[in-house]
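Just so we're aligned: 106 in our numbering is position 107 of the sequence shown, and the numbers increase by one with no gaps anywhere.
Reading through the structure tokens given below for one structure.
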Amino acid sequence: MRRAMVESQLRTNAVNDPRVTAAIEAVAREAFVPAERRTTAYIDRAVPLSAGRAMNPPLATARLIVEAGIGPSEKVLIVGAANGYAAAVVASLAASVVALESDAGLVATAKGLLKGLANVTVASGDLTKGWTKGAPYDVILVDGAVEEVPDALTRQLAEGGRLAAAIVENGVTRLVIGYKAG
């Protein structure tokens, strides 16, 4: 199923970075969705989780990661990490990952699912404030659509770092990559 998702959904939509596609193929997406939704884990649509939250569709997650251009020596903050799927994918691409989540149930789930990944820390906190304990970050991924990026996140970005987010404006969502310079 994973290989079919990569070949039919991701590669056909310009997700061709071999590091990213290998990382996605290595992570069992079905382990990160509720049991009753596992048969549809690889369909390209959001998966409802809890408390009004959802896991992004595979293509949205892949594009966010590809466009961020994560390198093997970089420190990454994932804001709105939910149950940790994106963090699991990014773990093999980066030196370290902080998966920040505000929902206590999702934090507990993410900790359980990510416990075997030594370079991933699951943190609980206000998503609009980021996670200053690990700052500055080379890359910040906002894992979900937002109307604007909180200033606190841009302050936690390292010089030359990138911030990737899906911004909703007038009902249209677009992927935005920002670079911190000066």
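C-beta: ideal position from N, C-alpha, C; glycine also.
How would you call residue i, buried or exposed, if buried means at least 16 neighbouring beta carbons within 10 angstroms?
{"i": "residue 171", "result": "exposed"}
{"i": "residue 100", "result": "buried"}
{"i": "residue 154", "result": "exposed"}
{"i": "residue 28", "result": "buried"}
{"i": "residue 74", "result": "buried"}
{"i": "residue 57", "result": "buried"}
{"i": "residue 69", "result": "buried"}
{"i": "residue 62", "result": "buried"}
{"i": "residue 42", "result": "exposed"}
{"i": "residue 13", "result": "exposed"}
{"i": "residue 3", "result": "exposed"}
{"i": "residue 20", "result": "buried"}
Going by beta-carbon coordinates alone, are residue i and residue j separated by less than 9 angstroms?
{"i": "residue 79", "j": "residue 126", "result": "yes"}
{"i": "residue 33", "j": "residue 48", "result": "yes"}
{"i": "residue 112", "j": "residue 164", "result": "no"}
{"i": "residue 96", "j": "residue 60", "result": "no"}
{"i": "residue 144", "j": "residue 90", "result": "no"}
{"i": "residue 174", "j": "residue 166", "result": "yes"}
{"i": "residue 92", "j": "residue 161", "result": "no"}
{"i": "residue 50", "j": "residue 16", "result": "no"}
{"i": "residue 142", "j": "residue 81", "result": "yes"}
{"i": "residue 152", "j": "residue 129", "result": "yes"}
{"i": "residue 179", "j": "residue 158", "result": "yes"}
{"i": "residue 116", "j": "residue 87", "result": "yes"}
{"i": "residue 46", "j": "residue 36", "result": "yes"}
Could you spell out the range, first to last residue, of the alpha helix (DSSP H) harbouring residue i?
{"i": "residue 38", "result": "First-last for residue 38: undefined, no H or E at that position."}
{"i": "residue 131", "result": "That residue, residue 131, is in no alpha helix (DSSP H); it is neither H nor E in DSSP."}
{"i": "residue 20", "result": "17 to 25"}
{"i": "residue 1", "result": "1 to 4"}
Taking only heavy atoms of the ligand NAP into account, decide whether any of them is closer than 8 angstroms to the Cβ of residue i.
{"i": "residue 16", "result": "This structure lacks the ligand NAP, and indeed carries no ligand of any kind."}
- What are the start and end residues of each continuous beta strand (DSSP E) run of 3 or more residues lying completely inside the region 54 to 120, in chain order? 74 to 78 and 95 to 100
- Task: Kindly provide the ranges of any beta strand (DSSP E) runs that are 3 or more residues long and lie completely inside the region 138 to 177, ordered along the chain.
- Result: 156 to 168
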